[in-house]
Amino acid sequence: MKKYIFIIILLVVVIIAAIFTFSHVQNNLDKVLKDENIQVDTLIDIYKDAIERNKIDNLILGESALKNIITNKNFKDENILKIKSIEKNDADSKEIYTLYVSYSQSKQIVTVTTIDDDSRRKNTNEYKLYIKNGKLEVENKGGTLLFTTIY
Numbered sequence: 141m142k143k144y145i146f147i148i149i150l151l152v153v154v155i156i157a158a159i160f161t162f163s164h165v166q167n168n169l170d171k172v173l174k175d176e177n178i179q180v181d182t183l184i185d186i187y188k189d190a191i192e193r194n195k196i197d198n199l200i201l202g203e204s205a206l207k208n209i210i211t212n213k214n215f216k217d218e219n220i221l222k223i224k225s226i227e228k229n230d231a232d233s234k235e236i237y238t239l240y241v242s243y244s245q246s247k248q249i250v251t252v253t254t255i256d257d258d259s260r261r262k263n264t265n266e267y268k269l270y271i272k273n274g275k276l277e278v279e280n281k282g283g284t285l286l287f288t289t290i291y
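Numbering (the numbering used here), first residue to last: 141 to 291.
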């Protein structure tokens with residue numbers, strides 16, 4: 141009987157430790173992303189990767205791509221200009237894509253969607269954000285580490 145009580149207590153402690161660890165990691169990521177400059181630099185790298193993966197020549201940024209993914213408020217004007225610098229305009233290409241972004245705070249995943257102007261072609265890329273060794277790291281859905289940001 142004592143053995144079962146010990147196992148139950150041990151399981152409860154392990155579950156509490158796991159919950160604490162997960163919430164601590166989530167809070168650290170949220171704190172890092174609340175720094176608008178870090179978030180903007182990270183999003184620019186994510187947007188560039190999505191553009192390259194989908195071989196997009198003409199691109200405009202949708203409204204969601206210019207907003208803070210945590211607060212959903214517009215970035216400062218200088219950061220909006222910084223992000224808009226990745227827009228592409230190739231006169232030889234007829235298709236124009238718009239880039240949209242969403243963020244799942246619970247899963248820590250940024251989803252980038254590009255849709256052509258006729259809404260016939262849609263590409264979706266997911267990027268996992270996490271803190272590792274005091275650095276913000278981003279990997280694509282396939283598990284490939286894309287880049288690390290030191291904050």
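Even for Gly, the Cβ is constructed at its ideal location relative to N, Cα and C.
Can you tell me where the alpha helix (DSSP H) with residue i in it begins and where it stops?
i    : result
D295 : With the chain covering 141 to 291 only, the question about residue 295 has no answer from this structure.
I178 : 176-193
Let's test the definition: count the other Cβ atoms within 10 Å of the Cβ of residue i and tell me whether it reaches 16, buried, or not, exposed.
i    : result
Q245 : exposed
A231 : exposed
V152 : exposed
V252 : buried
Near residue i, what residues of its chain come up, given a Cβ to Cβ distance below 8 Å and the 5 sequence neighbours on each side ignored?
i    : result
D257 : E235, I236, Y237, T238
Q248 : Q166, L169, K268, L269, Y270
I200 : E227, I236, Y237, T238, L239
I need the DSSP call for residue i, collapsed to helix, strand or coil.
i    : result
I196 : coil
K136 : Here the chain covers residues 141 to 291 and nothing more, so residue 136 does not appear.
I236 : coil
H164 : Residue confidence is low: H164 scores 45 on pLDDT, short of 50, so the model does not pin down where it sits. Its coordinate-derived value is still stated next. DSSP places H164 in helix when its eight states are reduced to three.
K247 : coil
D256 : strand
Which residues bound the beta strand (DSSP E) around residue i?
i    : result
K268 : 262-272
T211 : Segment: none, T211 is in no beta strand (DSSP E) and carries neither H nor E.
L206 : Looking at the DSSP string, L206 is not in any beta strand (DSSP E), and its letter there is neither H nor E.
E277 : 275-280
With a CB to CB cut of under 6 Å and the five nearest residues on each side skipped, what residues in its chain are close to residue i?
i    : result
S163 : Note that S163 scores 46 on pLDDT, short of 50, meaning its location in the model is unreliable; the coordinates nonetheless yield the value given after this. Result list for S163: empty, nothing under 6 Å.
What is the C-beta distance between residue i and residue j, in whole angstroms, given that I count them as a contact (C-beta under 8 Å)?
i    : j    : result
N198 : K207 : Not really, about 22 Å apart at Cβ, beyond 8 Å.
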